[in-house]
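Okay, so here's the structure we're looking at.
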Amino acid sequence: MNDFRKGVKDMLPIITGVVPFGLIYGVTAANAGISPPAALGMSSILFAGAAQVALAELITDGTPVWVAVATVVLINLRMAMYSASIGPHIRHRNLLLRMLAAYLITDQAYAVSIVEFSRETEVNPFRYYLGAAVTLWIAWQTFSAVGIFVGATLPKNLSLEFIIPLMFLALAVPFLRQKAFIVTAVVTAAVMVVARGIPGNGGFFLAVFAGVFCGIAVKRRFLLGD
Amino acid sequence: METDAAAVWLMIVLGGVVTFLIRFVPLQLMGRNLNDRTREIMSFVPPAVLSALVANSLFDHGIRSLSPHNQKLWAALAALLVGLRFKNVIVTIVTGMVCLWLLNFLLTA
Numbered sequence: 001m002n003d004f005r006k007g008v009k010d011m012l013p014i015i016t017g018v019v020p021f022g023l024i025y026g027v028t029a030a031n032a033g034i035s036p037p038a039a040l041g042m043s044s045i046l047f048a049g050a051a052q053v054a055l056a057e058l059i060t061d062g063t064p065v066w067v068a069v070a071t072v073v074l075i076n077l078r079m080a081m082y083s084a085s086i087g088p089h090i091r092h093r094n095l096l097l098r099m100l101a102a103y104l105i106t107d108q109a110y111a112v113s114i115v116e117f118s119r120e121t122e123v124n125p126f127r128y129y130l131g132a133a134v135t136l137w138i139a140w141q142t143f144s145a146v147g148i149f150v151g152a153t154l155p156k157n158l159s160l161e162f163i164i165p166l167m168f169l170a171l172a173v174p175f176l177r178q179k180a181f182i183v184t185a186v187v188t189a190a191v192m193v194v195a196r197g198i199p200g201n202g203g204f205f206l207a208v209f210a211g212v213f214c215g216i217a218v219k220r221r222f223l224l225g226d
Numbered sequence: 227m228e229t230d231a232a233a234v235w236l237m238i239v240l241g242g243v244v245t246f247l248i249r250f251v252p253l254q255l256m257g258r259n260l261n262d263r264t265r266e267i268m269s270f271v272p273p274a275v276l277s278a279l280v281a282n283s284l285f286d287h288g289i290r291s292l293s294p295h296n297q298k299l300w301a302a303l304a305a306l307l308v309g310l311r312f313k314n315v316i317v318t319i320v321t322g323m324v325c326l327w328l329l330n331f332l333l334t335a
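Sequences listed follow chains A and R, in order.
Numbering-wise (the numbering used here), the first sequence opens with residue 1 and increments by one.
Numbering-wise (the numbering used here), the second sequence opens with residue 227 and increments by one.
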């Protein structure tokens with residue numbers, strides 16, 4: 001149970017980024033004319049912030065169902081990488097618990113947990129992950145609901161949406177202690193900036209692929225070199 | 227034209243099902259012991275994904291956002307340096323926000 005609590009504790013600071021994110025989704029959904037039950041349903045069934053904001057915007061435009069679903073797939077495809085990465089750490093759990101773990105996968109739960117897993121401490125990976133992921137789930141449901149029902153727009157001049165990239169930046173910092181990971185981060189960012197216009201989130205996948213490739217190349221070179 | 231309620235629910239349910247499959251199938255397939263090579267490759271995914279997410283929001287206009295007038299870049303740089311030094315999530319986020327507010331205030335006042 002202590003490992004669950006550790007997961008909760010490590011997720012709490014990340015929640016500062018989830019608050020504006022949830023509010024932005026809720027407001028977008030309300031403005032798109034999505035009924036409160038459907039907007040809440042989206043938060044619990046999809047449970048994926050970036051895809052939810054995109055879907056709400058598509059609904060405003062009267063997009064066909066298949067285009068909307070294809071967009072959700074493209075935005076969420078990155079979770080396949082998280083899923084593959086988490087799998088080995090929780091393989092001893094039964095099917096139901098593995099399904100629960102899968103449903104709870106998010107950028108934040110993944111990033112927080114994988115840092116802990118890579119430390120190879122005594123922490124039970126499943127309990128820790130569950131603590132982090134459930135905390136995020138509760139925060140997401142709460143603040144998207146606040147956005148839906150209160151519908152208040154965030155004060156524009158405070159740029160609170162900037163907390164969202166800062167949250168991802170804070171999650172990335174623990175990785176920036178290894179040369180190869182720094183190369184990965186820099187290459188990924190550079191490719192992302194240049195290629196972000198590629199439709200269907202293509203720039204994202206290209207950037208991640210390039211960053212991973214260069215990081216591995218550098219790591220191999222250092223190992224062979226000296 | 228707005229999408230009708232039934233179509234909205236259809237999008238949510240279909241989107242939810244495919245999202246669950248994206249989240250579950252790789253986890254299920256990778257449930258066995260990974261070889262070292264695969265494990266090594268997977269270890270590079272998180273820094274790459276996080277960096278892509280950050281870059282995507284700092285560079286709204288792609289390469290044209292690479293400008294000294296892009297206040298978000300300076301604020302993010304300050305947050306990064308403070309983050310590396312203090313290894314604390316809240317301190318990192320607060321630094322970034324305060325820097326953005328300061329720049330905003332100094333440059334528009």
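Yeah, the Cβ is synthetic: ideal placement off N, Cα and C, and Gly gets one too.
This structure is a prediction, so every number in the text was calculated from the model and none was measured.
Beta-carbon contacts of residue i that lie in its chain and below 6 Å, excluding the five residues immediately before and after
i: residue 226 (chain A); result: Any answer about residue 226 (chain A) is weak, because its pLDDT of 45 lies below 50 and its placement is not dependable; what the coordinates show is given next. Same-chain partners within the cutoff: there are none.
i: residue 325 (chain R); result: 301, 304
i: residue 46 (chain A); result: 52
i: residue 205 (chain A); result: none
i: residue 101 (chain A); result: 90
Contact list for residue i against chain R, beta-carbon separation under 8 Å
i: residue 69 (chain A); result: 237, 240, 241, 244
i: residue 107 (chain A); result: 275, 276, 279
i: residue 17 (chain A); result: 319
i: residue 38 (chain A); result: 231, 234, 235, 238
Cβ of residue i within 9 Å of any chain R Cβ
i: residue 98 (chain A); result: yes
i: residue 226 (chain A); result: Annotation note: pLDDT 45 at residue 226 (chain A) (below 50); position unreliable, coordinate value reported separately. Output row for residue 226 (chain A): interface = no.
i: residue 147 (chain A); result: no
i: residue 6 (chain A); result: no
i: residue 85 (chain A); result: yes
i: residue 131 (chain A); result: no
i: residue 144 (chain A); result: no
i: residue 189 (chain A); result: yes
i: residue 219 (chain A); result: yes
i: residue 23 (chain A); result: no
Beta carbon proximity, residue i to chain A, threshold 9 Å
i: residue 328 (chain R); result: no
i: residue 333 (chain R); result: no
i: residue 296 (chain R); result: no
Partner residues on chain A for residue i, Cβ-Cβ distance less than 9 Å
i: residue 293 (chain R); result: Here the premise fails: no neighbours, minimum Cβ distance about 12 Å.
Cross-chain neighbours of residue i in chain R, by beta carbon under 9 Å
i: residue 126 (chain A); result: Result: empty, since nearest Cβ-Cβ is about 12 Å, beyond 9 Å.
i: residue 222 (chain A); result: The premise fails here: residue 222 (chain A) is roughly 13 Å from chain R at the closest Cβ pair, so nothing lies under 9 Å.
i: residue 72 (chain A); result: 237, 240, 241, 242, 244, 245
Beta-carbon contacts of residue i that lie in its chain and below 8 Å, excluding the five residues immediately before and after
i: residue 302 (chain R); result: 280, 284, 322
Same chain, Cβ closer than 7 Å to residue i, five either side skipped, listed in chain order
i: residue 111 (chain A); result: 171
i: residue 318 (chain R); result: 305, 308, 309
i: residue 123 (chain A); result: 3, 6, 116
i: residue 148 (chain A); result: 26, 29, 30, 36, 39, 40
Whole-number beta carbon distance between residue j and residue i, since they are thought to touch under 8 Å
i: residue 183 (chain A); j: residue 218 (chain A); result: 5 Å
i: residue 135 (chain A); j: residue 11 (chain A); result: 4 Å
i: residue 55 (chain A); j: residue 67 (chain A); result: Actually they do not touch by this definition, with Cβ atoms about 11 Å apart.
i: residue 236 (chain R); j: residue 65 (chain A); result: 5 Å
i: residue 79 (chain A); j: residue 249 (chain R); result: 5 Å
Where residue i sits in the DSSP three-state scheme
i: residue 144 (chain A); result: helix
i: residue 106 (chain A); result: coil
i: residue 311 (chain R); result: helix
i: residue 47 (chain A); result: coil
i: residue 192 (chain A); result: helix
i: residue 35 (chain A); result: coil
i: residue 226 (chain A); result: Its pLDDT being 45, under 50, residue 226 (chain A) is placed unreliably in this model, and the value from its coordinates should be taken loosely. Coil.
i: residue 242 (chain R); result: helix
i: residue 296 (chain R); result: coil
Beta-carbon neighbours of residue i, restricted to chain A and to distances below 8 Å
i: residue 305 (chain R); result: 166, 169, 170
Contact list for residue i against chain R, beta-carbon separation under 7 Å
i: residue 55 (chain A); result: 237, 241
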